[in-house]
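Colleague:
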Amino acid sequence: MINLTEHIEHLIVRNDCVIVPGFGAFIAEKLPAYIDKEQGAFMPPSRRLSFNPRIDHNDGLLVSSLMRRHCWSFTLASESLADCVAALKKRLASAGSLNIGSLGTLRYQDEATPEFVPAVASIAVNPYAVLPGLQVTPIKQLISASSNQTNRLSDAIASYDESLRQHPIWLTAARSIYSRVAVAVAVIATCIFTLLSPGRYSDRTTLAALGANFSTSEPMPFAHELYIAYPDPESATATVKPSVPQQREDTPVIIIPANDTQAPAPVKSPAQSTPATSKPSVPALAASPSVTPSESEVDNSDIAYILVVASLTSDSDAHAFIRQHRDNTLKIKKMGSRYRVYSAASDSKDELVAKQPSTAARYPGAWVCEVK
């Protein structure tokens, strides 16, 4: 048996009248918005639902709904509707009342005519329930209260005039401008003091590309003075012995060779005295740490693949990485704007892939990179 109540609820929302053949018609009457004088409110529009048992002809609206829902033919839908109406009449006669879903209730007022009691919360009765009632005030009450408002307004104007005479507008505006300027100057001074104050910081752009176990909490120190150790006195052409200033621990020592074939002379301590008859020479301030060729020069050889252990932004950072790990087998390869520190190079990628696990044990994150 079909659920006829669902079809009636669906159709009454979009239609003003839904006829149940052989039973009666549900009629929805539209009510415009109105003013409730007792509550003093402007009420939204609504609908009033009623039932007329005298209108019971078949207009095809309910049959069409059954045909669409169950994909029936007109004949089958009409027969099913007639059976359902007969069952509704029998239930109403036996129980004395019949619930029509959310629309309301049918009950017998006498033996001949059923009475319909609509539900208040039904969407078919009040589709504009979301619209609240507006509270309105009669004009008579406004006129009676206008005299009091006029008195309050005149008192407010008199108070404002008195305040204006005691505190002129130009004085109030000047005080406001001065206070804003003072606040702006304080903010600017605070910003300048913050920007110019020396602070400890770290270059996170550089640290992001460092290898494993390589970190720093302070900026790298920069030398404020530069000293030059001259080459061997026999190959030098200088005739004047330059003065040697006091050595600093953070001062780098640069050795300038006389030519490409002759190695630099050994560095002497400044405490040693130089004989008056010897040729001028300048001893180095301190013995510089031994640097292997792989650490001091960038590899420019043509190789296909390298096993990279760290990728850095500058040559000095790459050298610092090698010094920190004390691995003289590491080399540096400049690729674009990056300096790759690698432990092995080969034209065979498989050879480096085989070495990668053992290298990653000491340098986590090591990878095979193709040289382009």
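Letter by letter, the sequence shown follows residues 1 to 372 of the UniProt record's numbering.
All C-beta atoms in this analysis are idealised placements derived from N, C-alpha and C, irrespective of residue type, glycine included.
Everything numeric in this text was worked out from a predicted model, so none of it was measured.
Just to confirm my understanding: we take R204, look at its own chain, exclude 5 residues before and 5 after, and list those with CB closer than 6 Å. What are they?
Modeller: The residue given as residue 204 occupies position 204 in the sequence shown. Unreliable positioning characterises R204 in this predicted model, as indicated by a pLDDT of 46, which lies under 50. The coordinate reading is nonetheless provided below. There are no such residues.
Colleague: Which stretch, first to last residue, makes up the beta strand (DSSP E) that contains I27?
Modeller: By one-based count along the sequence shown, residue 27 stands at place 27. That run of the beta strand (DSSP E) goes 24-31.
Colleague: Could you say which of A320, F23, N328 lies nearest to R91 if we only look at CA atoms?
Modeller: Residue numbering aside, residue 91 sits at position 91 when the sequence shown is read from its first letter. R91 has its Cα closest to that of F23, out of A320, F23, N328.
Colleague: Suppose the cutoff is 6 Å on Cβ atoms and the five residues either side in sequence are ignored; what does the same chain contact list for V309 look like?
Modeller: The residue given as residue 309 occupies position 309 in the sequence shown. So the list reads G211, V341, S343, Y363, A366, once near-sequence residues are dropped.
Colleague: According to DSSP, what are the bridge partners of R340?
Modeller: Within the sequence shown, the letter at position 340 stands for residue 340. For R340, which the question treats as bridged, DSSP gives the partners S311, K333.
Colleague: Would you identify the three-state DSSP class for T292, choosing helix, strand or coil?
Modeller: Counting from 1 along the sequence shown, the entry for residue 292 is found at position 292. The pLDDT assigned to T292 is 46, lower than 50, so where the model puts this residue is not dependable; a value taken from the coordinates is nonetheless given after this. Coil.
Colleague: So what's R152 in DSSP terms, helix, strand or just coil?
Modeller: Indexing the sequence shown from 1 puts residue 152 at position 152. Of the three classes helix, strand and coil, the one that applies to R152 here is helix, per DSSP.
Colleague: Relative to the C-alpha of E370, which candidate in I2, A304, S316, V353 has its C-alpha closest?
Modeller: As a working note, residue 370 is residue 370 in the sequence shown. For E370, the nearest C-alpha among the options comes from A304.
Colleague: Determine the closest residue to I139 out of K37, S73, D350, D83, with distance taken between C-alpha atoms.
Modeller: Position 139 of the sequence shown, counted from the start, is the residue given in the question as residue 139. When only C-alpha atoms are compared, the closest one is K37.
Colleague: Taking the CB atoms as reference points, tell me whether A33 and P21 lie closer together than 8 Å.
Modeller: Within the sequence shown, residue 33 is the residue found at index 33, counting from 1. Within the sequence shown, residue 21 is the residue found at index 21, counting from 1. No. Outside cutoff.
Colleague: How far does the alpha helix (DSSP H) with residue 450 in it extend, from its first residue to its last?
Modeller: Because the chain is modelled from 1 through 372, residue 450 falls outside the range shown and cannot be assessed.
Colleague: Report the residue from R69, D83, V85, L131 whose alpha carbon sits nearest the alpha carbon of S46.
Modeller: The residue you call residue 46 lines up with position 46 of the sequence shown. Here the closest residue by C-alpha is L131.
Colleague: What are the boundary residues of the beta strand (DSSP E) that includes H49?
Modeller: Residue mapping note: residue 49 aligns to position 49 of the sequence shown, counting from 1. Looking at the sequence provided, one finds Leu at residue 49 rather than His. Counting along the chain, the beta strand (DSSP E) containing L49 begins and ends at 46-52.
Colleague: Please list the terminal residues of the continuous alpha helix (DSSP H) segment that includes V84.
Modeller: Numbered from 1 along the sequence shown, position 84 holds the residue referred to as residue 84. Looking at the sequence itself, residue 84 is Cys, so the reference to Val does not match. First-last of the alpha helix (DSSP H) with C84: 74-95.
Colleague: Do the CB positions of V368 and L307 come within less than 8 Å of each other?
Modeller: Sequence index remark: in the sequence shown, residue 368 carries index 368 (1-based). Sequence index remark: in the sequence shown, residue 307 carries index 307 (1-based). Taking 8 Å as the Cβ cut-off, V368 and L307 qualify as a contacting pair.
Colleague: Within 10 angstroms of the Cβ of V353, are there 16 or more other Cβ atoms? Answer buried if so, exposed if not.
Modeller: Translated into the one-based positions of the sequence shown, residue 353 becomes position 353. Counting Cβ neighbours within 10 Å, V353 comes out exposed, since fewer than 16 surround it.
Colleague: Just the C-alpha distance for A265 and I192, rounded to the nearest angstrom, thanks.
Modeller: Here the question's residue 265 lines up with position 265 in the sequence shown. Here the question's residue 192 lines up with position 192 in the sequence shown. Confidence is the limiting factor: at A265 the pLDDT is only 48, short of 50, which leaves the residue's position unreliable, though a coordinate-based value still follows. Approximately 51 Å, taken between the alpha carbons.
Colleague: Out of curiosity, what's the CA-to-CA distance linking L195 and A186?
Modeller: Here residue 195 is taken as the residue at index 195 of the sequence shown, counted from 1. Here residue 186 is taken as the residue at index 186 of the sequence shown, counted from 1. The straight-line gap from Cα to Cα measures roughly 14 Å.
Colleague: Taking the alpha carbon of T137 as the reference point, which residue from A158, N15, A41 has its own alpha carbon closest?
Modeller: Here residue 137 refers to the residue found at position 137 of the sequence shown. Residue A41 is the option with its Cα nearest to T137.
Colleague: One question on the structure: do D16 and I27 come within less than 8 Å of each other, judged by their Cβ atoms?
Modeller: For the purposes of this step, residue 16 is taken as the residue at position 16 of the sequence shown. For the purposes of this step, residue 27 is taken as the residue at position 27 of the sequence shown. Yes, they are a contact pair.
Colleague: Secondary structure at C191, three-state DSSP: helix, strand or coil?
Modeller: As a first step, residue 191 is located in the sequence shown; it is residue number 191 there, counting from the start. Reduced to three states, the DSSP call for C191 is helix.
Colleague: Determine the direct distance from the alpha carbon of A345 to that of E351, and round the result to whole angstroms.
Modeller: To locate residue 351, count along the sequence shown from 1; it is residue 351. To locate residue 345, count along the sequence shown from 1; it is residue 345. So the two alpha carbons sit approximately 9 Å from each other.
Colleague: How long is the line joining the alpha carbons of F51 and R152, rounded to whole angstroms?
Modeller: Within the sequence shown, residue 51 is the residue found at index 51, counting from 1. Within the sequence shown, residue 152 is the residue found at index 152, counting from 1. Going by the C-alpha atoms only, they are around 57 Å apart.
Colleague: Report buried or exposed for C84, applying the criterion of at least 16 other Cβ atoms within 10 angstroms of its Cβ.
Modeller: In the sequence shown, the residue the question calls residue 84 occupies position 84. Counting Cβ neighbours within 10 Å, C84 comes out buried, since at least 16 surround it.
Colleague: Beta-carbon separation of T105 and S94 under 8 Å?
Modeller: What you label residue 105 is simply residue 105 of the sequence shown in a count that begins at 1. What you label residue 94 is simply residue 94 of the sequence shown in a count that begins at 1. Going by C-beta atoms, T105 is not nearer than 8 Å to S94.
Colleague: Using DSSP with H/G/I as helix, E/B as strand and the rest coil, what is A41?
Modeller: If you number the sequence shown from 1, residue 41 lands on position 41. Strand at A41.
Colleague: In the DSSP output, what is E370 paired with across the bridge?
Modeller: Translated into positions along the sequence shown, residue 370 becomes position 370. Bridge partners of E370: Y305.
Colleague: Quick one: residues in its chain with C-beta nearer than 6 Å to the C-beta of A184, no 5 flanking neighbours on either side, listed in chain order?
Modeller: As a position in the sequence shown, residue 184 is number 184, starting the count at 1. Around A184: no qualifying Cβ.
Colleague: Look at the alpha carbon of I143 and the alpha carbon of Y160, and state the distance between them as a whole number of angstroms.
Modeller: As a first step, residue 143 must be located in the sequence shown, where it is residue number 143. As a first step, residue 160 must be located in the sequence shown, where it is residue number 160. Each residue's alpha carbon lies about 26 Å from the other.
Colleague: State the start and end residues of the unbroken alpha helix (DSSP H) segment that holds residue 417.
Modeller: Beyond the ends of the chain as shown, which are 1 and 372, falls residue 417; an answer cannot be given.
Colleague: What residue does the alpha helix (DSSP H) around L11 start on, and which one ends it?
Modeller: Taking the first residue of the sequence shown as 1, we reach residue 11 at position 11. That run of the alpha helix (DSSP H) goes 4-14.
Colleague: Helix, strand or coil for V136, going by three-state DSSP, please let me know.
Modeller: Stepping through the sequence shown from its first residue, residue 136 is reached at position 136. Looking at V136 - three-state DSSP - the assignment turns out to be coil, as it is neither helix nor strand.
Colleague: Are the Cβ atoms of I19 and D59 separated by less than 8 Å?
Modeller: For the purposes of this step, residue 19 is taken as residue 19 along the sequence shown, with counting starting at 1. For the purposes of this step, residue 59 is taken as residue 59 along the sequence shown, with counting starting at 1. Yes, Cβ-Cβ distance for I19 and D59 is below 8 Å.
Colleague: Is the beta carbon of L81 sitting closer than 8 Å to the one on L66?
Modeller: Counting from one through the sequence shown, the residue named residue 81 turns up at place 81. Counting from one through the sequence shown, the residue named residue 66 turns up at place 66. Yes; because the gap between Cβ atoms is below 8 Å, this pair is in contact.
Colleague: Roughly how many angstroms separate the alpha carbons of D315 and N328, rounded to a whole number?
Modeller: As a working note, residue 315 is residue 315 in the sequence shown. As a working note, residue 328 is residue 328 in the sequence shown. Looking at the two C-alpha atoms, the distance is approximately 16 Å.
Colleague: What residue from A361, P357, S348, L49 has the CA that sits closest to S122's CA?
Modeller: Counting from one through the sequence shown, the residue named residue 122 turns up at place 122. Nearest option by C-alpha distance: L49.
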